[in-house]
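Protein chains in written order, with this note's numbering: chain A, 5 to 273; chain B, 5 to 273; chain C, 5 to 273.
A virtual CB, placed ideally from N, CA and C, is assigned to each residue, including glycine.
Here the structure comes first, spelled out in structure tokens, and everything after it is commentary.
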Amino acid sequence: MSLPISFLSDFGHDDEFVGVVHGVLATLAPESRVIDVSHSVARGDVRAGALALTRSVQYLPPGVVLAVVDPGVGTDRRALAAETEWGYFVGPDNGLLSPAVAMVGGATRIVSIENEEARIPSAGETFHGRDIFGPAAALLASGEAAIGELGPDVPPGSVSPLLLPLAEAHEGTVTGEAWWIDHFGNAQTNIGPDDLAQVGLRPGTTVTVKIGSRLHQLSWVVSYGEVEAGQGLLHVDSSGLIALAVRGGRADEDFGIVEGTAVSMVGAP
Amino acid sequence: MSLPISFLSDFGHDDEFVGVVHGVLATLAPESRVIDVSHSVARGDVRAGALALTRSVQYLPPGVVLAVVDPGVGTDRRALAAETEWGYFVGPDNGLLSPAVAMVGGATRIVSIENEEARIPSAGETFHGRDIFGPAAALLASGEAAIGELGPDVPPGSVSPLLLPLAEAHEGTVTGEAWWIDHFGNAQTNIGPDDLAQVGLRPGTTVTVKIGSRLHQLSWVVSYGEVEAGQGLLHVDSSGLIALAVRGGRADEDFGIVEGTAVSMVGAP
Amino acid sequence: MSLPISFLSDFGHDDEFVGVVHGVLATLAPESRVIDVSHSVARGDVRAGALALTRSVQYLPPGVVLAVVDPGVGTDRRALAAETEWGYFVGPDNGLLSPAVAMVGGATRIVSIENEEARIPSAGETFHGRDIFGPAAALLASGEAAIGELGPDVPPGSVSPLLLPLAEAHEGTVTGEAWWIDHFGNAQTNIGPDDLAQVGLRPGTTVTVKIGSRLHQLSWVVSYGEVEAGQGLLHVDSSGLIALAVRGGRADEDFGIVEGTAVSMVGAP
Chain A
5 MSLPISFLSD FGHDDEFVGV VHGVLATLAP ESRVIDVSHS VARGDVRAGA LALTRSVQYL
65 PPGVVLAVVD PGVGTDRRAL AAETEWGYFV GPDNGLLSPA VAMVGGATRI VSIENEEARI
125 PSAGETFHGR DIFGPAAALL ASGEAAIGEL GPDVPPGSVS PLLLPLAEAH EGTVTGEAWW
185 IDHFGNAQTN IGPDDLAQVG LRPGTTVTVK IGSRLHQLSW VVSYGEVEAG QGLLHVDSSG
245 LIALAVRGGR ADEDFGIVEG TAVSMVGAP
Chain B
5 MSLPISFLSD FGHDDEFVGV VHGVLATLAP ESRVIDVSHS VARGDVRAGA LALTRSVQYL
65 PPGVVLAVVD PGVGTDRRAL AAETEWGYFV GPDNGLLSPA VAMVGGATRI VSIENEEARI
125 PSAGETFHGR DIFGPAAALL ASGEAAIGEL GPDVPPGSVS PLLLPLAEAH EGTVTGEAWW
185 IDHFGNAQTN IGPDDLAQVG LRPGTTVTVK IGSRLHQLSW VVSYGEVEAG QGLLHVDSSG
245 LIALAVRGGR ADEDFGIVEG TAVSMVGAP
Chain C
5 MSLPISFLSD FGHDDEFVGV VHGVLATLAP ESRVIDVSHS VARGDVRAGA LALTRSVQYL
65 PPGVVLAVVD PGVGTDRRAL AAETEWGYFV GPDNGLLSPA VAMVGGATRI VSIENEEARI
125 PSAGETFHGR DIFGPAAALL ASGEAAIGEL GPDVPPGSVS PLLLPLAEAH EGTVTGEAWW
185 IDHFGNAQTN IGPDDLAQVG LRPGTTVTVK IGSRLHQLSW VVSYGEVEAG QGLLHVDSSG
245 LIALAVRGGR ADEDFGIVEG TAVSMVGAP
């Protein structure tokens with residue numbers, strides 16, 4: 005029985021990169037369904053790719069995750085395959101996989117993909133999605149190779165972590181940042197409802213929000229419908245994090261937020 | 005036997021929204037093929053989504069249509085599932101589904117998706133494609149739920165229609181508008197060949213076309229090859245509607261047309 | 005047993021064109037897997053489409069290639085289906101298929117798709133991907149039609165070739181051009197390592213490269229990791245051709261290269 009493969013990358017849709025990897029997967033794992041999680045991660049942005057994977061993984065069918073955001077291609081960074089209770093994760097050793105692997109309970113085994121028989125030989129050294137990661141994912145998905153056949157075991161402690169900024173509560177204010185602006189202009193922060201509870205903030209109240217150097221008064225609501233069209237709001241978004249949105253509009257434009265903008269919320273007096 | 009699912013949305017390809025819904029479909033309907041009709045409908049443009057679906061539906065394999073263009077997410081608009089002779093349609097109650105449902109012969113039953121067991125529980129209230137529409141489509145496609153298990157019946161008369169502007173013949177002139185500019189710059193109008201026949205216009209003749217405030221003389225041809233490269237033309241396009249095109253060029257740029265531009269055609273004297 | 009279909013076009017993702025062809029394929033070849041090679045070929049750019057197909061074909065599962073980059077739609081250019089040892093190729097007679105067909109060993113039979121029973125009847129004459137090429141690919145993939153049932157045989161010598169500029173060695177210098185700028189800004193040339201060997205250049209040396217009117221000294225390396233971040237380099241890329249790249253940057257921007265820019269490399273003294 006073949007496992008489904010969920011594929012995320014920064015390859016974009018300008019070229020045939022995604023299609024060629026699909027060709028490799030269809031050749032080596034002809035029975036596996038392939039799900040394109042996203043290929044629009046900003047070029048080389050490991051953190052954005054890791055966050056997208058973390059938001060997605062609980063909705064993907066258990067099987068194999070193939071993730072390639074790999075600014076270190078052509079250097080000596082390792083190619084990894086990790087086994088978890090949920091399934092397998094394949095990608096570069098740069099932190100891309102770490103939060104998603106942690107989210108599903110951590111790895112029970114990690115190997116460095118070095119076995120030449122698990123690779124597609126190539127003149128060049130730059131398309132590891134096609135030559136190394138894709139074949140490894142397909143071999144695991146089809147059952148043609150056990151994880152131990154891909155290469156030697158790697159001590160978990162040697163794997164690159166991903167350092168994510170955490171929201172902090174200090175003197176009654178929670179300070180964090182916007183870490184994802186979505187297609188609709190909503191700004192997800194790294195602040196959770198628990199962080200706000202710590203400073204006495206509750207849903208249904210008005211919150212003082214500092215974005216960059218400006219202050220805003222925003223209602224913390226459950227649904228967009230609780231404010232008028234064009235009005236800003238705070239809510240717990242579909243990932244369970246506090247997000248800024250504008251009903252029928254774009255929060256990124258109205259509030260001047262980009263990924264990384266500092267956002268703080270002042271606690272109840 | 006699992007039904008295929010045809011999926012249209014305004015989610016774009018910037019984010020993992022489409023991929024996450026694919027994950028939900030693959031989890032709940034692992035045997036169903038999923039066809040991405042388009043995810044590039046302009047954000048919240050219900051009419052553009054409805055038109056794209058109407059142009060497509062006759063070419064899709066009978067099964068389930070999942071359509072999400074939903075500016076009213078987070079308000080009290082209903083989530084609907086409709087049964088037709090062709091198959092099922094799942095989407096918001098905002099007119100998005102109405103023309104396509106009408107095109108396949110109308111609905112024999114419509115329900116409001118309210119059963120909590122048919123939803124994926126979520127912290128937030130904004131990603132109904134993932135939490136409500138996707139699961140409902142998957143349950144219908146896999147046969148895990150009958151339509152009546154999704155929620156209570158809805159009187160057909162209470163469902164939101166979509167008001168589409170119709171072309172009108174008046175004093176020998178047909179007046180309409182451009183309602184789709186495609187990837188190649190072709191401008192599809194809401195004028196059909198029957199409308200032109202009413203004012204005495206026939207294929208193979210030259211037609212006086214008013215676009216905005218300017219007049220043009222265009223040949224009504226069957227194929228691009230009948231005019232020189234760079235020349236404008238009228239023809240019946242692949243949807244059976246009158247479109248303006250430029251052989252080897254872009255009609256939108258050459259004629260200054262955007263979606264909604266008024267277009268009229270003067271009848272034969 | 006149904007064959008997989010690999011689909012390349014210039015339809016883009018703005019519209020439902022790709023989705024509608026998928027609908028036709030799913031209807032006529034319900035058991036065939038469909039791989040989207042790329043749909044971002046520049047509008048009407050037959051050469052770019054042919055190059056993308058040539059780079060991809062060895063990684064696609066043997067079956068059917070469906071390729072539609074067709075600026076001559078609506079003229080009398082023929083619609084072709086070619087049989088090869090690898091599988092089938094379906095597309096317009098404009099050179100799009102020729103290099104990929106040659107790469108897999110050439111065609112054993114070519115027909116002109118003219119049989120009305122193999123087409124979907126349509127009001128318009130512009131969407132041959134949906135009405136002619138897609139159905140032919142699906143019929144071949146599903147085994148519903150043999151190639152001879154699609155239309156009359158065509159003499160191979162009458163098929164449009166694709167004229168590709170070749171690199172030339174002259175007086176110790178190899179002259180070529182950039183023929184693909186990829187998503188990451190890498191510039192693939194039409195110069196191969198064999199061309200450079202002819203003028204005495206070897207990997208591991210520094211090469212004088214003329215781009216437009218400017219001279220650069222670039223290391224010919226195996227991996228990006230051999231130069232510092234931000235530095236330019238030459239290497240054999242994943243297609244086996246000489247490419248210009250910048251470690252952690254974009255060669256197109258740093259060197260002012262677009263597709264078609266002249267690139268020459270001066271041989272060893």
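* To do: Assign phenylalanine 131/A to one of three DSSP states: helix, strand, or coil.
  => Your numbering for residue 131/A matches position 127 in the first sequence. Three-state result, phenylalanine 131/A: coil.
* Going along chain C in order, which residues have a C-beta closer than 9 Å to the C-beta of alanine 127/A? -> As a first step, residue 127/A is located in the first sequence; it is residue number 123 there, counting from the start. Within 9 Å Cβ-Cβ: Pro197, Val240, Asp241, Ser242, Ser243, Gly244, Leu245.
* Asked: Given that valine 28/C touches chain B, what residues does it touch there, using C-beta distances under 7 Å?
  -> By 1-based counting over the third sequence, the position of residue 28/C is 24. The contacting residues are Tyr63.
* In chain C, which residues lie with their C-beta within 8 Å of the C-beta of aspartate 40/B? -> Taking the first residue of the second sequence as 1, we reach residue 40/B at position 36. The answer, in chain order, is Val22, Gly23, His26.
* **DSSP three-state assignment for phenylalanine 15/A, whether helix, strand or coil** => The residue labelled residue 15/A in the question sits at position 11 within the first sequence. In the structure shown, phenylalanine 15/A sits in coil (DSSP, three-state: anything other than H, G, I, E or B).
* To do: Using a Cβ cut-off of 7 Å, pull out every chain B residue sitting near phenylalanine 259/A, in sequence order please.
  => Position 255 of the first sequence, counting from 1, holds the residue named residue 259/A. Per Cβ cutoff of 7 Å: no residues; phenylalanine 259/A is ~17 Å from chain B at best.
* To do: Return the first residue and the last residue of the beta strand (DSSP E) that alanine 86/B is part of.
  => Taking the second sequence and counting its residues from 1, the one referred to as residue 86/B is at position 82. It spans 83-88 - the beta strand (DSSP E) in which alanine 86/B sits, taken as one unbroken run.
* Asked: Considering only residues of the segment 195-239 of chain C, which uninterrupted beta strand (DSSP E) runs meet the minimum length of 3 residues and lie entirely inside it, listed in chain order?
  -> 210-215, 218-223
* Measure the C-alpha to C-alpha separation of threonine 112/A and alanine 145/C and round it to an integer number of angstroms. => The residue labelled residue 112/A in the question sits at position 108 within the first sequence. The residue labelled residue 145/C in the question sits at position 141 within the third sequence. Computed Cα separation, rounded: 42 Å.
* To do: Can you tell me which of the three DSSP states histidine 26/C falls into?
  => Taking the first residue of the third sequence as 1, we reach residue 26/C at position 22. Looking at histidine 26/C - three-state DSSP - the assignment turns out to be helix.
* Out of curiosity, what's the CA-to-CA distance linking valine 94/A and valine 158/B? -> The sequence position of residue 94/A within the first sequence is 90, counting from 1. The sequence position of residue 158/B within the second sequence is 154, counting from 1. About 47 Å.
* Exposure label - aspartate 198/B; buried when at least 16 CB within 10 Å -> Along the second sequence, read from residue 1 onward, the residue named residue 198/B stands at position 194. Exposed, since its Cβ has fewer than 16 Cβ neighbours within 10 Å.
* Is the CB-CB distance between alanine 171/B and isoleucine 151/B below 9 Å? -> The count along the second sequence starts at 1 and reaches residue 171/B at position 167. The count along the second sequence starts at 1 and reaches residue 151/B at position 147. Contact: no.
* Asked: Touching or not, the segment 126-144 of chain A and the segment 68-85 of chain A, by the rule of three or more beta carbon pairs under 8 Å?
  -> yes
* Using DSSP bridges, identify the partner residues of aspartate 256/B. => On the second sequence, residue 256/B is found 252 positions in, with the first residue counted as 1. According to DSSP, aspartate 256/B bridges with nothing at all.
* **Whole-angstrom distance between leucine 29/C and valine 109/C, CA atom to CA atom** => As a working note, residue 109/C is residue 105 in the third sequence. As a working note, residue 29/C is residue 25 in the third sequence. Residue identity differs from the one stated: residue 109/C is glycine in this sequence, not valine. In a straight line, the C-alpha of glycine 109/C is about 27 Å away from that of leucine 29/C.
* From Gly252/C, Thr79/C, Leu7/C, Val270/C, pick the residue whose C-alpha is nearest to that of arginine 218/C; which is it? -> One-based indexing of the third sequence puts residue 218/C at position 214. Selected option, being the one with the closest Cα: Val270/C.
* **Where valine 213/A meets chain C, residues with beta-carbon distance less than 9 Å** => The count along the first sequence starts at 1 and reaches residue 213/A at position 209. Those within 9 Å of valine 213/A in chain C number zero; the least Cβ separation is about 35 Å.
* Asked: Nearest to leucine 57/C by alpha carbon, out of Trp90/C, Thr31/C, Pro103/C, Tyr92/C?
  -> Here residue 57/C is taken as the residue at index 53 of the third sequence, counted from 1. The option with the nearest alpha carbon to leucine 57/C is Pro103/C.
* Asked: Given that alanine 17/C touches chain A, what residues does it touch there, using C-beta distances under 8 Å?
  -> Here residue 17/C refers to the residue found at position 13 of the third sequence. At residue 17/C the sequence reads histidine, which differs from the alanine that was named. What histidine 17/C touches in chain A: His17.
* Assigned exposure category for proline 272/C - 16 Cβ within 10 Å defines buried -> Locating residue 272/C in the third sequence gives position 268, counting from the first residue. One detail in the question is off: residue 272/C reads as alanine in this sequence, not proline. That one is exposed.
* Asked: When the Cα of glycine 76/B is compared with those of Ala191/A, Gly252/A, Ala266/A, which residue comes out closest?
  -> Residue numbering aside, residue 76/B sits at position 72 when the second sequence is read from its first letter. It is Gly252/A whose Cα lies nearest to the Cα of glycine 76/B.
* **Under the three-state DSSP convention, the category glutamate 121/A falls into** => Taking the first sequence and counting its residues from 1, the one referred to as residue 121/A is at position 117. Helix, per DSSP.
* Do the segment 252-262 of chain C and the segment 231-238 of chain C touch if we need at least three Cβ pairs shorter than 8 Å? -> yes
* Of the residues that make up the segment 74-104 of chain C, which ones have a beta carbon closer than 7 Å to any beta carbon in chain B? -> Pro75, Val77, Gly78, Thr79, Asp80
* **Delimiting residues of the alpha helix (DSSP H) encompassing valine 38/A** => Walking along the first sequence from the start, residue 38/A turns up at place 34. Counting along the chain, valine 38/A falls outside any alpha helix (DSSP H), though it belongs to the beta strand (DSSP E) covering 38-42.
* Asked: Does arginine 51/B have its Cβ less than 9 Å from a Cβ in chain A?
  -> What you label residue 51/B is simply residue 47 of the second sequence in a count that begins at 1. Chain A, which has no Cβ nearer than 9 Å to the Cβ of arginine 51/B, makes this no.
* Determine the DSSP secondary structure at serine 10/C, reduced to helix, strand or coil. => Sequence index remark: in the third sequence, residue 10/C carries index 6 (1-based). If DSSP states are grouped into helix, strand and coil, serine 10/C belongs with the strands.
* Asked: Taking just the CA atoms, how far does histidine 239/C sit from lysine 214/C?
  -> Residue mapping note: residue 214/C aligns to position 210 of the third sequence, counting from 1. Residue mapping note: residue 239/C aligns to position 235 of the third sequence, counting from 1. If I take the Cα positions, the gap works out to 16 Å.
* When Asp40/A, Ser44/A, Phe21/A are compared against tyrosine 63/C, the one with the closest alpha-carbon -> Counting from one through the third sequence, the residue named residue 63/C turns up at place 59. Out of Asp40/A, Ser44/A, Phe21/A, Phe21/A has the C-alpha closest to the C-alpha of tyrosine 63/C.
* Out of curiosity, what's the CA-to-CA distance linking glutamate 257/B and tyrosine 92/A? -> Taking the second sequence and counting its residues from 1, one reaches residue 257/B at position 253. Taking the first sequence and counting its residues from 1, one reaches residue 92/A at position 88. The alpha-carbon atoms of glutamate 257/B and tyrosine 92/A are separated by roughly 50 Å.
* Compare the C-alpha of valine 41/C against each of Pro65/C, Ser10/C, Glu181/C and name the closest. => As a first step, residue 41/C must be located in the third sequence, where it is residue number 37. Selected option, being the one with the closest Cα: Ser10/C.
* Asked: Just curious, the beta strand (DSSP E) that methionine 5/A is in, first and last residue?
  -> Taking the first sequence and counting its residues from 1, one reaches residue 5/A at position 1. First-last for methionine 5/A: undefined, no H or E at that position.
* To do: Would you please state the rounded distance, in angstroms, between the beta carbons of alanine 201/C and tyrosine 228/C? I believe it to be under 8 Å.
  => By one-based count along the third sequence, residue 201/C stands at place 197. By one-based count along the third sequence, residue 228/C stands at place 224. Contact flag wrong, Cβ pair sits at about 22 Å.
* Give the residues of chain A in contact with phenylalanine 131/B, contact being defined as C-beta atoms less than 9 Å apart. => Sequence index remark: in the second sequence, residue 131/B carries index 127 (1-based). Near phenylalanine 131/B (Cβ distances below 9 Å), the residues of chain A are Asp241, Ser242, Ser243.
* To do: Under 8 Å by Cβ, that's how I've got valine 24/B and serine 60/A pegged, so tell me the actual separation to the nearest angstrom.
  => As a working note, residue 24/B is residue 20 in the second sequence. As a working note, residue 60/A is residue 56 in the first sequence. About 5 Å separates the two Cβ atoms, so the contact holds.
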